[in-house]
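Oh and the sequence shown: position 299 is 298 in numbering that gives the first Met the number 0, straight run, nothing missing.
The structure appears right after this line, and notes come after that.
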Amino acid sequence: MNQLTGNVLITGGSGTLGNAIVRTAKAERWDCSFTIFSRSELRQAQMRMSHSDCRYILGDVRDEDRLASAICGHDLVIHAAAMKRVPECELYPEECFQTNFIGSSNVIHACIRHGIKKCIGISTDKAVRAVTAYGASKLAMEKLFLAQASQPCAFTIVRYGNVVASNGSVVPLWRKQTEAGRPIEITDRRCTRFWMAPSDAVALIARAINASDSPIIVPKMGALSLVEMAEMIAPGAQVKEVGLRSCEKLHEDLVHTDEPAVDQDGHFIIGRGRTGSSYTSEMAFRLNRKQFLGMLDEAENY
């Protein structure tokens, strides 16, 4: 795994990804220091108990002046701040736009203004064939990053699916349902989703450090159907279908057939060549029980 070096600022850094990055850096003794920029004082307080050596700044990516002040003096910015919950983004699309698009624009301007060497943006499979406010906002964020090709700061996107047991994951909900003696609620038995461990997300970001000519990096993730996943988490539990929500897909896409991409070392590099094929959660390789439970165990120990 490549290492992060220098002064690193993580927007939205008090979430699952920020904690995973800092923990990995400590475990592997990376030569770097971290600034955690986020708007949640509670999550910052919780993170500070485990990672007191990080610098913490309370702020919002919507606040361009405060963000620019925080970013100044860093070598690398990892932009993870986002409004992520799909139902809330559908209810409040203006808020979603302000955080995910305007906030990303503010990050870009601050990086350029203060001579940041590298900025890595975190995107999602929901940006492909986007049908939700969240997906559309992340697609727009990707386009913002791609438009910065001529800037001295190198802007790269990493796009991936679900991180096991991250904030907002279905895993804690399903466990509460089984503990209460209720059936596990899934939207549709046919649904498939991509899954990865927190360490996989960190490795992807580390890979992006030296990817100066790779605008978007996408891992070939494994997938599971919701039924398969429920059986792994709670073997023998009753499953209840509740139906797809508005704009929810049966299967997610990591790469669309019309995107210019090449298949390289277990990843798709979008922005070069052309694959002529898509990569969906329906066609992706299936994670086995050992793989998925290993991811879950890792995530719950972060």
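For glycine and all other residues, C-beta sits at the position ideal for the given N, C-alpha and C.
Since this is a predicted model, take the numbers as computed values, not measurements.
Contact check, residue i vs residue j, beta carbons under 9 Å
i	j	result
T10	S37	yes
N105	K137	no
V127	H255	yes
T123	Y91	no
E141	I77	no
S165	L16	yes
M48	I35	no
A69	I56	yes
Residue i versus residue j: straight-line alpha-carbon distance, rounded
i	j	result
E40	D264	40 Å
Q97	R61	7 Å
S280	H73	37 Å
S304	R28	Coverage of the chain is limited to positions 0 through 301, which leaves residue 304 absent and any answer about it impossible.
R189	P171	21 Å
K248	H108	34 Å
R112	T4	21 Å
L315	L253	Residue coverage of the chain in this structure runs from 0 to 301, which leaves residue 315 outside it and unanswerable.
T131	N209	32 Å
R42	R54	14 Å
V7	P182	44 Å
I115	V163	31 Å
G120	A81	10 Å
I156	G293	27 Å
D262	E178	43 Å
Q237	K25	41 Å
C71	Y133	29 Å
N300	G14	14 Å
Contact set for residue i: own chain, Cβ-Cβ below 7 Å, skip 5 residues either direction
i	result
N167	Correcting the residue type first, residue 167 is Gly in the shown sequence and not Asn. If we look at G167 and ignore the five residues flanking it on each side, its Cβ neighbours are K83 and R84.
E297	A196, P197 and S198
R206	N1 and I216
Beta-carbon proximity list for residue i, same chain, < 8 Å, skipping 5 on both sides
i	result
L223	T191, R192, W194, M231, R285, L286 and F291
D317	The requested residue 317 is not part of the displayed model; the chain covers only 0 to 301.
Contact test: residue i Cβ vs the ligand HEM heavy atom, cutoff 8 Å
i	result
G102	No copy of the ligand HEM appears in this structure; indeed no ligand is present at all.
Residues near residue i in its chain [Cβ-Cβ closer than 6 Å; skip 5 each side]
i	result
V201	A19, I20 and T23
K219	G265
A153	K117 and S211
G180	none
Practice task
Could you name each continuous beta strand (DSSP E) segment of 3 residues or more that falls completely within the stretch 203-289, going from the start of the chain to the end?
Solution key: At a cut-off of 3 residues, the continuous stretches assigned as beta strand (DSSP E) that sit fully inside the stretch 203-289 are 215-218, 221-224, 238-240, 252-254, 260-263 and 266-269.
Exercise for the section: Just list the beta strand (DSSP E) runs in the stretch 20-49, keeping only unbroken ones of 3 residues or longer that don't cross its boundaries, in chain order. Expected result: 31-37
Exercise for the section: Could you name each continuous beta strand (DSSP E) segment of 3 residues or more that falls completely within the stretch 113-197, going from the start of the chain to the end? Expected result: Complete beta strand (DSSP E) runs here, min 3: 117-123, 153-159, 183-185 and 191-195.
Practice task
Can you check the stretch 44-106 for any alpha helix (DSSP H) of at least 4 residues that lies completely inside it and give the ranges in chain order?
Solution key: Within the stretch 44-106, the complete alpha helix (DSSP H) runs of at least 4 residues are 63-70, 85-90 and 92-96.
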